[in-house]
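K.L.:
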Amino acid sequence: MWLATLLAVIIWGALNSGTAIAQPGAYHYGFKKSVEGRLPSIDQEGFKDIVIKYGALFLGDTSKKELYLTFDNGYENGYTSKILDILKEKKAPAAFFVTGHYVKDQPELLKRMVMEGHIVGNHSWSHPDMSQLSEGSIKTELDKVKEQVEILTGQKEMKYLRPPRGIFSEKVLAASKQFGYTNVFWSVAYKDWDVKAQKGSQYAFSQVVKQLHPGAIILLHAVSKDNSEALGSIIDEARRQGYEFKSLDQLTVSQ
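Note that this note's numbering has the sequence shown beginning at 889, numbered continuously upward.
1. Can we say the stretch 930-944 touches the stretch 1082-1091, given the rule of at least three CB pairs closer than 8 Å?
2. Quick check on the DSSP output: the alpha helix (DSSP H) that includes E1029 runs from which residue to which?
3. May I have the straight-line CA-CA distance separating F919 from I930, to the nearest angstrom?
4. I need the DSSP call for E933, collapsed to helix, strand or coil.
5. Give the DSSP-derived three-state secondary structure of N1071 in the structure shown.
6. Okay, do the stretch 943-950 and the stretch 1037-1046 touch, 3+ Cβ pairs below 8 Å being the bar?
7. Suppose contacts are defined by Cβ-Cβ distances below 8 Å. Is T958 in contact with L997 by that definition?
8. Give me the DSSP bridge partner(s) of H1109.
9. Which word fits Y990, buried or exposed, when buried means at least 16 other C-beta atoms lie within 10 angstroms of its C-beta?
10. Can you confirm whether the stretch 971-983 touches the stretch 1116-1134 when touching is taken to mean that 3 or more C-beta pairs between the two stretches lie within less than 8 Å?
11. Would V1072 and R1050 qualify as a contact pair, given that the criterion is a beta-carbon distance under 8 Å?
12. Between which residues of its own chain and A910 is the CB-CB distance below 8 Å, once the five residues before and five after are set aside?
13. Apart from the five residues just before and just after H1101, which ones in its own chain have a Cβ nearer than 6 Å to its Cβ?
14. Can you give the Cα-Cα distance for G962 and E924, rounded to whole angstroms?
15. Taking the CB atoms as reference points, tell me whether Y956 and I1007 lie closer together than 8 Å.
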């Protein structure tokens, strides 16, 4: 019993530390959060070299007060329409990373995202751990999303990828770059994906706003009730602080 408990603790630690998991050379994305305006960091996570090598994005130009809103959409929980309403009202662009399930289940929301000027990115067809897939299987996962989104929305180009569950390896980064993708990680996030542990809009607001920094790529999950209720206030407060919301297509990385 004690051995099983110890093994569970080791696995949990690996999943939450950014260290190698599943297979040698695989990582679960993690970062040192921004505190009191200091920039976030991936220096201690063990994967910075390959992120840079393959042009993956973690943050933008840290000399500019620019922010990039991104949402992960694995399934619909009833809040994306409200999120789109707020983005339209506030004239703020965003990127939505979608799975195959979302593509099949929510064609009208996908059409609306593209029609209103947002980017639809790739979150894989079946949300697997891509570090365990062959190069051919990775391509199949990505191609199916791209093709179906184009059929539904007319969006011909899909060039941004967010690896499912934040799990990646050098093989994943190399293969996806070969297939024309830029991997997009993040520099602002909080535990918002657990729909059974929502803590209210004020909590969501404070968790995001306290991490804001120049060049931030913000990750939010569209399944979160808290996010849908806090988003307008987050945008307003960020602008009050002098930030401007930009599209990923406008992102530049500080050297």
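For glycine and all other residues, C-beta sits at the position ideal for the given N, C-alpha and C.
P.N.:
For this structure:
1. Counting Cβ pairs under 8 Å, fewer than three are found: no touch.
2. 1023-1041
3. Near 5 Å, if we compare the C-alpha coordinates of I930 and F919.
4. coil
5. strand
6. Contact fails between the stretch 943-950 and the stretch 1037-1046, because fewer than three Cβ pairs, one in each stretch, are under 8 Å apart.
7. No, these two residues do not count as a Cβ contact at 8 Å.
8. D960
9. When all chains shown are included, Y990 counts as buried.
10. Yes, they touch.
11. Going by beta carbons, V1072 and R1050 fall inside the 8 Å limit.
12. The pLDDT assigned to A910 is 46, lower than 50, so where the model puts this residue is not dependable; a value taken from the coordinates is nonetheless given after this. A distance below 8 Å between beta-carbons, with the five flanking residues on each side excluded, links A910 to the following residues of its chain, in chain order: D1017, S1019, Q1020, I1055.
13. S922, L927
14. Looking at the backbone, the Cα of G962 and that of E924 are separated by about 32 Å.
15. no
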